[in-house]
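All residue numbers for the sequence shown refer to this note's numbering, where the first residue is 1198 and numbers rise by one.
Glycine included, each C-beta is placed from N, C-alpha and C at the ideal position.
Structure, as C-alpha cells:
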Amino acid sequence: MNDAPHQHDSEIEADHDHDHEHEHGPLAELVTVRDWLRYAVTRFNRAHIFCGHGAADTYDEAVWLILGSLALPLHRLEPFLDACIPADERGPLLEAIERRAVDRVPTAYLLGEAWLGDFRFAVDERVIVPRSFFAELLEDGLAPLLDDPDEIGSALDLCTGSGCLAILMAHAFPNADITAVDLSEDALDVARQNVADYGLEDRIELVRSDVFDALGDRRFDLILSNPPYVTAEAMDTLPAEYHHEPQLALAAGDDGLDIVRRLIAEGARHLNSDGILAVEVGHNRMLVENAFPDLPFNWLSTRGGDDMVFVLRREDLPGGKR
C-alpha cells in the first residue's frame, strides 16, 4: 500500500489554474522592455502616483524604474526597447512596479539610488531623496555669487542628509575642506557610504550636530543649507510618497522656518569675515521675507524659479557687522 499523500482533484485543478494564470498573466504577456514600459506608464497613470523625487512625469518614472531594475544605463533606452526580459527578471520587476503604484514607494528607494545631474548617490528610507536647487547652482561653483571657486577654503553643509550636497561642494570647490552636519545618525551612516564611494573621506568631515551646536567656534567661508522647511499645513497635505521619507528632514514647525531662524540668528558667528550663507527654502520666500523684513535677501535664479534660494553675507546677518 502506498502511504504517500494523494493530491485531491481540487488541488490539482487549483495548481493548474495557478500555472495557467502565470502562463497568461502579465508575466507571460509582457516580454520586451517596450511592453513593460507601456504597462508601467499605464499602471502609474491609473494609480495617480506623484512624481516629485527625480522624475518629471510617469513616463520618466517608468523608464527610470525599469532600466534601473534591469541594471541598464539610464540614458540609453532606445537600444533596449525590443530586448526580451527573461522570466526570472519579470517577477521582481512587476513587484517593483506594484510597490511604486500601490505602496507609493519612491523609485529612488526601490532602486537604492538617486541622481543629481551626473552624480549618483546611495539612498534608503533613512534619508530624504536628494533634490535641491543647489545641485544646479553648484555646477558653476555658485557663479556669479562667487568670483573664484578656488578661493573657498572651508565650507559647511548643514542638514546634509545623504551627503549629496557636501559631495557636490567638494567637486565645485577643489581647495575647500568640507564639513557636513546632520542631527540624524542614520542619515550620517548613509552619507558615510556616499563619501566613501567618491573617495572623499580626506576632504569631507561628517559631524552629528543639531544645526551649529557641536561646531563650537568654527568658522567657514561658505555655509550652505537645504534644511527642513515644510510648514505644518503643507505636511498634512503631502502626497503619500513623501511619507516614506524621514519626517525629521521635512517638517520645520508651523511656518516651516524653525531651522531657518537658527541659521540666520547664529550664522554670523560661524562665518569668516567675507563669508556667505546660502539657504534653500522652497516656496517659502514670502514667509521668510515677512519674518525678517529688515534683511537684504539676495534670491538666486534657477531653472525651477527665482525665489527658492536666498543668500546673505556675513555683514548682513545679525551680529555680523565688523
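- Kindly indicate which three-state DSSP category R1466 falls into: helix, strand or coil? Walking along the sequence shown from the start, residue 1466 turns up at place 269. Residue state, collapsed to three classes: helix.
- Proximal residues to A1388 (C-beta, below 8 Å), its chain only, five neighbours per side dropped: In the sequence shown, the residue the question calls residue 1388 occupies position 191. Only V1324, T1357, G1358, S1359, G1360, A1363, A1377, D1379, L1403 meet the Cβ criterion.
- Give the C-beta separation of V1228 and I1282 to the nearest angstrom, bearing in mind that I take them to be a contact with Cβ-Cβ under 8 Å. Against the sequence shown, residue 1228 aligns to sequence position 31. Against the sequence shown, residue 1282 aligns to sequence position 85. Between I1282 and V1228 the Cβ distance is about 7 Å, and since that is below 8 Å, they are a contact.
- Flag A1311 as yes if its beta-carbon sits less than 7 Å from any beta-carbon of chain B, otherwise no. Reference to chain B is not applicable here, since this structure consists of a single protein chain.
- Item | Given 8 Å, three or more beta-carbon pairs between the stretch 1271 to 1281 and the stretch 1328 to 1339 | no
- Item | Cβ neighbours of Q1444 in the same chain (closer than 8 Å, five flanking residues each side left out) | Taking the sequence shown and counting its residues from 1, one reaches residue 1444 at position 247. Hits under 8 Å: M1432.
- Who does R1510 pair with in a DSSP beta bridge? In the sequence shown, residue 1510 corresponds to position 313, counting from 1. I1473, per the DSSP bridge assignment.
- Item | Neighbourhood of F1409 by C-beta, 7 Å cutoff - its chain only, sequence neighbours within 5 removed | Taking the sequence shown and counting its residues from 1, the one referred to as residue 1409 is at position 212. So the list reads E1463, H1467, once near-sequence residues are dropped.
- Message: Which same chain residues end up closer than 8 Å to D1214 when comparing Cβ atoms and leaving out the 5 residues on each side of it in sequence?
- Response: Residue 1214 sits at position 17 when you count from the first residue of the sequence shown. With a pLDDT of 43 at D1214, under the threshold of 50, the modelled position of that residue is not reliable, and the figure given next carries that caveat. Here the set comprises nothing.
- Item | Alpha-carbon to alpha-carbon, L1308 and R1296 | The residue you call residue 1296 lines up with position 99 of the sequence shown. The residue you call residue 1308 lines up with position 111 of the sequence shown. Taking the straight line joining both Cα atoms gives about 12 Å.
- Query: What is the DSSP secondary structure of N1372, counted as helix, strand or coil?
  - Reply: Against the sequence shown, residue 1372 aligns to sequence position 175. Reduced to three states, the DSSP call for N1372 is coil.
- Cα-Cα separation, A1446 to S1381: The residue labelled residue 1446 in the question sits at position 249 within the sequence shown. The residue labelled residue 1381 in the question sits at position 184 within the sequence shown. Roughly 9 Å separates the two Cα atoms.
- Task: Return the CA-CA distance between H1217 and G1453, expressed in angstroms with no decimal places.
- Result: Residue mapping note: residue 1217 aligns to position 20 of the sequence shown, counting from 1. Residue mapping note: residue 1453 aligns to position 256 of the sequence shown, counting from 1. Because the pLDDT at H1217 is just 41, under 50, the model does not fix this residue reliably, and the point stays unresolved.
- Could you check what DSSP says for E1333 in three-state terms: helix, strand or coil? Taking the first residue of the sequence shown as 1, we reach residue 1333 at position 136. Of the three classes helix, strand and coil, the one that applies to E1333 here is helix, per DSSP.
- Would you report the Cα separation of V1427 and R1328, rounded to the nearest angstrom? For the purposes of this step, residue 1427 is taken as the residue at position 230 of the sequence shown. For the purposes of this step, residue 1328 is taken as the residue at position 131 of the sequence shown. Between V1427 and R1328, the C-alpha separation is close to 14 Å.
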